Ligand code: BTN
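In the working numbering, the protein residues as written are 1 to 304.
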């Protein structure tokens, strides 16, 4: 029954706001009911057919599901991951009505951006989970640099241009103590969007490719470029070639050597100089008293 339900979800391209709201509870019965009520529709500019000619991957994006509007690609990806969707499945939506950002924040996802989620099933030690976030930042930064822009990474994985954020990553995991069932990596790239399309409060410190480039980018091409980059770094991740990923991350980082203020998950605030990152992707801070602190997750702000 569940398989049929998923098939049904995969065959739809549009999820109405109303259905999105029902789906948001991620409760199987609600989803089953909602999926039955879904309507068909077409995407306006992003399609699997336009992405695949530029795809050089073996498995990333072999299954690509494009939607015109969903509430959150990460939420749907998690649902599919819980129902045996394959590693490499990619979900893309031209608009998200209830997209989620890191630290429980909302994420604005209007038409024109690249909003996508990838389902991963790496057979790696759970201690390595945090690194996937850094690896994704590397793939995004490299993709944006291929467009001629000076993209940098702010720990753990915001991608900045001239200090302003244009991309973020939300990683969600289902794992037991020693085994990963799935990782869903959600990526938001502010591409063909004008700053004024975002609400006023998030405009400061934000940028988009439209603001940085003279011409519109082809989102389908950018998605393919990103998936090509991502598969390379993800293969290194699965093979345990962590040093290569960390070297790339350090080369692209905007954070090392800066004096920062970090609000850790849980509320604790730490101030100090960023010494670097360790092999698990945690940030190492030297506090004013000279002691070192390892930060696993949190929101970082550079102090001028
Ligand atoms: C951040 O706060 O920096 C992370 C933003 C992640 C947004 C992406 S857009 C696609 C995917 N679906 C979501 O609901 N969130 C992520």
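Note that the Cβ used here is the ideal one computed from N, Cα and C, for glycine as well.
Quick caveat: nothing in here was measured; it's all calculated off a predicted structure.
Keeping to the same chain, check which residues put their C-beta closer than 6 Å to that of residue i; ignore five residues upstream and five downstream.
i           : result
residue 33  : Model confidence at residue 33 stands at a pLDDT of 44, short of 50, so the residue's coordinates are unreliable; what they give is reported in the following sentence. Around residue 33: no qualifying Cβ.
residue 249 : 134, 138
residue 224 : 51, 54, 55
residue 216 : 192
residue 263 : 269, 298, 299
residue 281 : 130, 131, 134
residue 99  : 72, 107, 109
Quick one: does the C-beta of residue i sit closer than 7 Å to a heavy atom of the ligand BTN?
i           : result
residue 101 : yes
residue 274 : no
residue 81  : no
residue 109 : yes
residue 116 : yes
residue 220 : no
residue 96  : yes
residue 158 : yes
residue 337 : Residue 337 lies beyond the stretch modelled for the chain, which goes from 1 to 304, so this question has no answer here.
residue 242 : no
In the DSSP output, which residue or residues are listed as bridge partners for residue i?
i           : result
residue 116 : 92, 187
residue 301 : 261
residue 168 : 188
residue 182 : 174
Can you list, in chain order, the residues of its chain whose CB lies under 8 Å from that of residue i, leaving out five sequence neighbours each side?
i           : result
residue 260 : 271, 272, 273, 274, 285, 300, 301, 302, 303
residue 292 : 275, 284, 285, 286
I'd like to confirm something about residue i: is its beta-carbon nearer than 7 Å to some heavy atom of the ligand GTP, or not?
i           : result
residue 279 : The model depicted lacks the ligand GTP and carries the ligand BTN instead.
Sorted by chain position, which residues of the same chain lie with C-beta nearer than 7 Å to residue i's C-beta, five sequence neighbours on each side aside?
i           : result
residue 244 : 236
* Asked: Which runs of the beta strand (DSSP E) spanning at least 3 residues fall entirely within the stretch 235-279, listed in chain order?
  -> 259-264, 269-277
* **Sequence ranges, beta strand (DSSP E) only - wholly within the stretch 47-71, length at least 3** => 64-70
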